[in-house]
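K.L.:
Going line by line, the protein sequences match chains A and B.
Take 1 as the starting number for the first sequence in the UniProt record's numbering and just add one per residue.
Take 1 as the starting number for the second sequence in the UniProt record's numbering and just add one per residue.
There are 2 protein chains.
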Amino acid sequence: MSKRQPRIEEVSRIAGVSASTVSRFFNNPGVVADETARRIREAIDQVGYVPNLNAGSLASSRSRIIAVLVPDIAQSIFNDTVEAMIEELTAHGNSVMISLTGSDNSLLDRQIDAALSRRVDAIILTGVVTDAATRARLKNHATAVIETWALPDDPIQIAIGFSHFAVGEATARFVRERGYRRPHLVVPQSSRAIERANGFTAAWTARGDEAPTAQPVSSPSHFGQGRLAFRGLADMDPRPDVVVCGSDWIAQGLIVEANAAGIRVPDTLAVMGFGNLRLAGDMRPTITSIDIDGHQIARETIRALQRKAAGEVLPPRLPVDFRIIARESA
Amino acid sequence: MSKRQPRIEEVSRIAGVSASTVSRFFNNPGVVADETARRIREAIDQVGYVPNLNAGSLASSRSRIIAVLVPDIAQSIFNDTVEAMIEELTAHGNSVMISLTGSDNSLLDRQIDAALSRRVDAIILTGVVTDAATRARLKNHATAVIETWALPDDPIQIAIGFSHFAVGEATARFVRERGYRRPHLVVPQSSRAIERANGFTAAWTARGDEAPTAQPVSSPSHFGQGRLAFRGLADMDPRPDVVVCGSDWIAQGLIVEANAAGIRVPDTLAVMGFGNLRLAGDMRPTITSIDIDGHQIARETIRALQRKAAGEVLPPRLPVDFRIIARESA
DNA sequence: CTGAAAGCGCTTACAG
DNA sequence: CTGAAAGCGCTTACAG
């Protein structure tokens, strides 16, 4: 049960080389002779050697651990992006340390300390850090800090994402082009969703139209809020012709409620989502939504990390695409 | 930017004690004198010391890293459990290393190696490892291996979960008590869902009734399969009176399809889900489902780890509760 | 309650 | 292409 694991020294002895060479075999294979490599490989297989990366991290002062901090994971709009991030990072030889900061970010500081304790090569944040002290602390830290899913004016170090305000503007243009005239916004109370609502309102009123009506809901959003959103419509006169929802879950819940009340989507009421989750394409009617490319965010993050490690100076804001996916619901 | 981080030696010098004492302050605080602790605390604050846990892991041969291996995370039935697991583990001072094994488990061996490289204190698996070579390799490994969400006859080391067969049996009894007579099973092709279907069939036929009809769907399951499941019902004669779905997502999709076709749930067709996701309670009609207590699995896992660390010999199978949540849909 | 010393298992200039 | 030696930043018996 508790047999001690083999060390690099055992492998080197069996292969008839020094520990340095075995180390090079793992970390800089190009430099070791073919025949030597063969013998090392054999020795590794023979003893079942698995390198101790904690020792490696200490010796090289590079941990190859990346911390990914997310508000939650049970049902998060970030999950696609986080999955892509984990895939890409591990495929590139990193370990991913995941931490939950709570949907109110109350655990953020604690989780940052935990990440720093492991001497992670980078901290990847989903969502925006608003606390000034935390921002200041990370600003000049030796550890790379990457904010994703947003493009703040003044990132802590580097932000990889998109402007939620711009998403809102684009949504407003889309809604107008589709011929809708009385949009209603269902806005989860997160800074990002609020930014999108602001962008929508700015673009909508810029043409002289009256500001859209809006209804706040709690964040993170979920299916059940569709019911709330639908109830909110009952008293409105005139009734909106399109509801722009802060997430696909809300949109889905709203459609189910509308159907139960005998209201046809999109004929009587159009509905838009956000996030382009798989269910958006599967729902009946299919849900018009806005796609965020989680894999692109993940790839850009990897690339930024590599460029930074190579000593390059990076632009603080790396924009990533979003696109509106027109489907049946709006 | 790249200022070197302070080491324990700096703290000890400022506090006027040895490095050993500072180490004890962190790892065995009860043993250091109050006044000494006060001076150490001051020194820590002064220099902003954050211990290097990679060095600590190496020195103590205890990493306080736990690997959590999951098939996927974008939309997984395990997500509630995984979230609970991460919360509990980090609250107890562990770091959580997360890895994706793929829904076909094709990356499992690679991710196990990655975990062993970090000398994790435990590997927590969600789902069952079927590959014999992998099982054999982990069986006698010094690293703790915990299988969760299932209760196999012969766990690798320790299993914490419930019997899917028993869930199926309980579901059959529930369905019969509710007065349904022609159950139809929608079965994702995962070993767990198949076990539940087997349990259902066994309990159902034990009373002399004809075996339930069944339809396989791919795994992992998702909302869109509700459409598939509904189409599968069209040709059936007689039509089933209750559809037992492998997940709440399938149940939800099936209900949406049924409604679109003018079929009332549960009046004309009853539907059951599995997993008791939040949406089950929010759906219209609310979905009768089976609840798995992710927090209980997480807590039992922590407890097992602690008991094992204390040298206790644990029973190989630790059962965890499930319960049927009766709602409107069946 | 505290300190000096050895050691955890690697990596990396340096020299050849 | 390879090896010897120093060092990464901690922890932990051991002794007092």
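Note that the Cβ used here is the ideal one computed from N, Cα and C, for glycine as well.
1) Rounded to whole angstroms, what's the CA-CA distance from residue 118 of chain A to residue 210 of chain A? Just pull it up for me.
2) Along chain A, in chain order, which residues have C-beta atoms closer than 8 Å to that of residue 224 of chain B?
3) When you compare only the Cα positions, how much space is there between residue 153 of chain A and residue 234 of chain A?
4) If I'm right that residue 123 of chain B touches residue 193 of chain B with Cβ under 8 Å, what's the distance once you round it to whole angstroms?
5) Where does residue 239 of chain B fall in DSSP's three states?
6) Please state whether DSSP places residue 87 of chain B in a helix, a strand or coil.
7) Tell me which residues of the region 235-259 of chain B have at least one Cβ-Cβ distance to chain A shorter than 9 Å, keeping chain order.
8) If residue 97 of chain B and residue 115 of chain B are in contact, beta carbons under 8 Å, what's the gap, nearest whole angstrom?
9) Check residue 222 of chain A in the structure and name its three-state DSSP category.
10) Exposed or buried, what is residue 17 of chain B when buried is set at 16 or more other beta-carbons lying within 10 Å of its beta-carbon?
11) Between the region 188-207 of chain A and the region 162-178 of chain A, do at least 3 Cβ pairs fall closer than 8 Å?
12) Could you check which residue in A:126, A:89, A:33, A:19 has the C-alpha nearest to that of residue 71 of chain A?
13) Any beta carbon from chain B within less than 8 Å of residue 100 of chain A's own beta carbon?
14) Between residue 344 of chain B and residue 82 of chain B, what straight-line distance do the alpha-carbon atoms span, to the nearest angstrom?
15) Rounding to the nearest angstrom, what Cα-Cα distance links residue 131 of chain A and residue 138 of chain A in this structure?
16) Let's test the definition: count the other Cβ atoms within 10 Å of the Cβ of residue 46 of chain B and tell me whether it reaches 16, buried, or not, exposed.
17) Got a sec, what are the start and stop residues for the beta strand (DSSP E) residue 215 of chain A sits in?
18) I need the straight-line Cα distance from residue 41 of chain A to residue 25 of chain A, nearest angstrom please.
19) On the DSSP bridge list, what partners appear for residue 291 of chain B?
20) According to DSSP, simplified to helix, strand and coil, what is residue 185 of chain A?
21) Compute the beta-carbon to beta-carbon distance between residue 54 of chain B and residue 58 of chain A, rounded to the nearest angstrom, for a pair I have assumed lies under 8 Å.
22) Enumerate, from N- to C-terminal direction, the unbroken alpha helix (DSSP H) stretches of 4 or more residues contained entirely within the region 89-162 of chain A.
23) For the alpha helix (DSSP H) containing residue 68 of chain B, list its first residue and its last residue.
24) First and last residue of the alpha helix (DSSP H) that includes residue 27 of chain A?
25) Any idea which residues DSSP pairs residue 318 of chain A with across the strands?
26) Can you tell me which of the three DSSP states residue 172 of chain B falls into?
27) Run down chain A in chain order and give the residues with a C-beta less than 9 Å from the C-beta of residue 304 of chain B.
28) Tell me which residue opens and which closes the alpha helix (DSSP H) that residue 200 of chain A is part of.
29) Alpha carbon to alpha carbon, what distance is there between residue 155 of chain A and residue 315 of chain A?
30) Suppose the cutoff is 8 Å on Cβ atoms and the five residues either side in sequence are ignored; what does the same chain contact list for residue 236 of chain A look like?
31) I want to verify the contact list: residues of chain A whose CB lies under 7 Å from the CB of residue 74 of chain B, in sequence order.
32) I need the straight-line Cα distance from residue 262 of chain A to residue 161 of chain B, nearest angstrom please.
33) Less than 8 Å between CB atoms is the rule here; does residue 87 of chain A satisfy it with respect to chain B?
34) Roughly how many angstroms lie between the CA atoms of residue 100 of chain A and residue 220 of chain A, to the nearest whole one?
35) Assuming contact is defined by CB atoms lying nearer than 8 Å, are residue 225 of chain B and residue 250 of chain B in contact in what I supplied?
36) Could you tell me the distance, in whole angstroms, from the CA atom of residue 279 of chain B to the CA atom of residue 308 of chain A?
P.N.:
According to the data block:
1) Here residue 118 of chain A is taken as the residue at index 118 of the first sequence, counted from 1. Here residue 210 of chain A is taken as the residue at index 210 of the first sequence, counted from 1. Rounded to the nearest angstrom, the gap between the Cα atoms of residue 118 of chain A and residue 210 of chain A is 53 Å.
2) Within the second sequence, numbered from 1, the residue matching residue 224 of chain B stands at position 224. Under the 8 Å cutoff, chain A gives 278, 279, 281, 282.
3) As a first step, residue 153 of chain A is located in the first sequence; it is residue number 153 there, counting from the start. As a first step, residue 234 of chain A is located in the first sequence; it is residue number 234 there, counting from the start. The alpha-carbon separation between residue 153 of chain A and residue 234 of chain A amounts to approximately 39 Å.
4) Here residue 123 of chain B refers to the residue found at position 123 of the second sequence. Here residue 193 of chain B refers to the residue found at position 193 of the second sequence. With a Cβ gap of about 24 Å, residue 123 of chain B and residue 193 of chain B do not count as contacting.
5) As a working mapping, residue 239 of chain B is identified with position 239 in the second sequence. Correct three-state label for residue 239 of chain B: coil.
6) Here residue 87 of chain B refers to the residue found at position 87 when the second sequence is read from its first residue. DSSP, reduced to helix, strand and coil, places residue 87 of chain B within a helical segment of the structure shown.
7) Look at the region 235-259 of chain B: the residues with a C-beta under 9 Å from a C-beta of chain A are 249, 252, 253, 255, 256, 257, 259.
8) Locating residue 97 of chain B in the second sequence gives position 97, where the first residue counts as 1. Locating residue 115 of chain B in the second sequence gives position 115, where the first residue counts as 1. A Cβ-Cβ separation of about 6 Å places residue 97 of chain B in contact with residue 115 of chain B under the 8 Å criterion.
9) Walking along the first sequence from the start, residue 222 of chain A turns up at place 222. Correct three-state label for residue 222 of chain A: coil.
10) Residue numbering aside, residue 17 of chain B sits at position 17 when the second sequence is read from its first letter. By the neighbour-count rule (16 or more Cβ atoms within 10 Å), residue 17 of chain B is buried.
11) The region 188-207 of chain A makes contact with the region 162-178 of chain A, as at least three CB pairs between them are under 8 Å.
12) For this step, residue 71 of chain A is matched to residue 71 along the first sequence. The shortest CA-to-CA distance from residue 71 of chain A to any of A:126, A:89, A:33, A:19 is the one to A:126.
13) By 1-based counting over the first sequence, the position of residue 100 of chain A is 100. So yes, residue 100 of chain A belongs to the interface.
14) A query on residue 344 of chain B cannot be resolved here, the shown segment of chain B reaching from 1 to 330 and no further.
15) Here the question's residue 131 of chain A lines up with position 131 in the first sequence. Here the question's residue 138 of chain A lines up with position 138 in the first sequence. Looking at the two C-alpha atoms, the distance is approximately 11 Å.
16) In the second sequence, counting from the first residue as 1, residue 46 of chain B sits at position 46. With fewer than 16 Cβ atoms within 10 Å of its Cβ, residue 46 of chain B is classed as exposed.
17) Reading the first sequence from its first residue, position 215 is the one you call residue 215 of chain A. First-last of the beta strand (DSSP E) with residue 215 of chain A: 213-217.
18) Here residue 41 of chain A refers to the residue found at position 41 when the first sequence is read from its first residue. Here residue 25 of chain A refers to the residue found at position 25 when the first sequence is read from its first residue. It is roughly 9 Å from the alpha-carbon of residue 41 of chain A to the alpha-carbon of residue 25 of chain A.
19) Here residue 291 of chain B refers to the residue found at position 291 of the second sequence. B:275, B:323, per the DSSP bridge assignment.
20) The residue you call residue 185 of chain A lines up with position 185 of the first sequence. In the structure shown, residue 185 of chain A sits in a strand (DSSP, three-state: E or B).
21) Translated into positions along the second sequence, residue 54 of chain B becomes position 54. Translated into positions along the first sequence, residue 58 of chain A becomes position 58. Indeed they touch by this definition, with Cβ atoms about 5 Å apart.
22) Here the runs fully enclosed are 108-117, 132-139.
23) On the second sequence, position 68 is the one that residue 68 of chain B refers to. Run containing residue 68 of chain B: none in the alpha helix (DSSP H); it sits in the beta strand (DSSP E), 65-70.
24) Indexing the first sequence from 1 puts residue 27 of chain A at position 27. Here the alpha helix (DSSP H) through residue 27 of chain A covers 19-27.
25) Residue numbering aside, residue 318 of chain A sits at position 318 when the first sequence is read from its first letter. Bridge partners of residue 318 of chain A: A:160.
26) Along the second sequence, read from residue 1 onward, the residue named residue 172 of chain B stands at position 172. Residue 172 of chain B: helix per DSSP, three-state reduction.
27) On the second sequence, residue 304 of chain B is found 304 positions in, with the first residue counted as 1. Residues of chain A whose Cβ lies closer than 9 Å to the Cβ of residue 304 of chain B do not exist; the shortest such Cβ separation is about 15 Å.
28) Along the first sequence, one-based indexing puts residue 200 of chain A at 200. 191-205 is the span of the alpha helix (DSSP H), which, as asked, contains residue 200 of chain A.
29) Within the first sequence, residue 315 of chain A is the residue found at index 315, counting from 1. Within the first sequence, residue 155 of chain A is the residue found at index 155, counting from 1. Residue 315 of chain A and residue 155 of chain A have their C-alpha atoms roughly 10 Å apart.
30) Mapped onto the first sequence, residue 236 of chain A falls at position 236. Cβ neighbours of residue 236 of chain A beyond the five flanking positions: 184, 213.
31) The count along the second sequence starts at 1 and reaches residue 74 of chain B at position 74. Taking the beta carbon of residue 74 of chain B as reference, the chain A residues within 7 Å of it are 79, 80, 83, listed in sequence order.
32) Counting from 1 along the first sequence, the entry for residue 262 of chain A is found at position 262. Counting from 1 along the second sequence, the entry for residue 161 of chain B is found at position 161. About 43 Å.
33) By one-based count along the first sequence, residue 87 of chain A stands at place 87. Yes, residue 87 of chain A lies at the interface with chain B (some Cβ there is under 8 Å from its Cβ).
34) The residue given as residue 100 of chain A occupies position 100 in the first sequence. The residue given as residue 220 of chain A occupies position 220 in the first sequence. When rounded, the separation of the alpha-carbon atoms in residue 100 of chain A and residue 220 of chain A is 14 Å.
35) The residue given as residue 225 of chain B occupies position 225 in the second sequence. The residue given as residue 250 of chain B occupies position 250 in the second sequence. The Cβ atoms of residue 225 of chain B and residue 250 of chain B sit closer than 8 Å to each other.
36) Against the second sequence, residue 279 of chain B aligns to sequence position 279. Against the first sequence, residue 308 of chain A aligns to sequence position 308. Cα to Cα, the separation comes out at about 42 Å.
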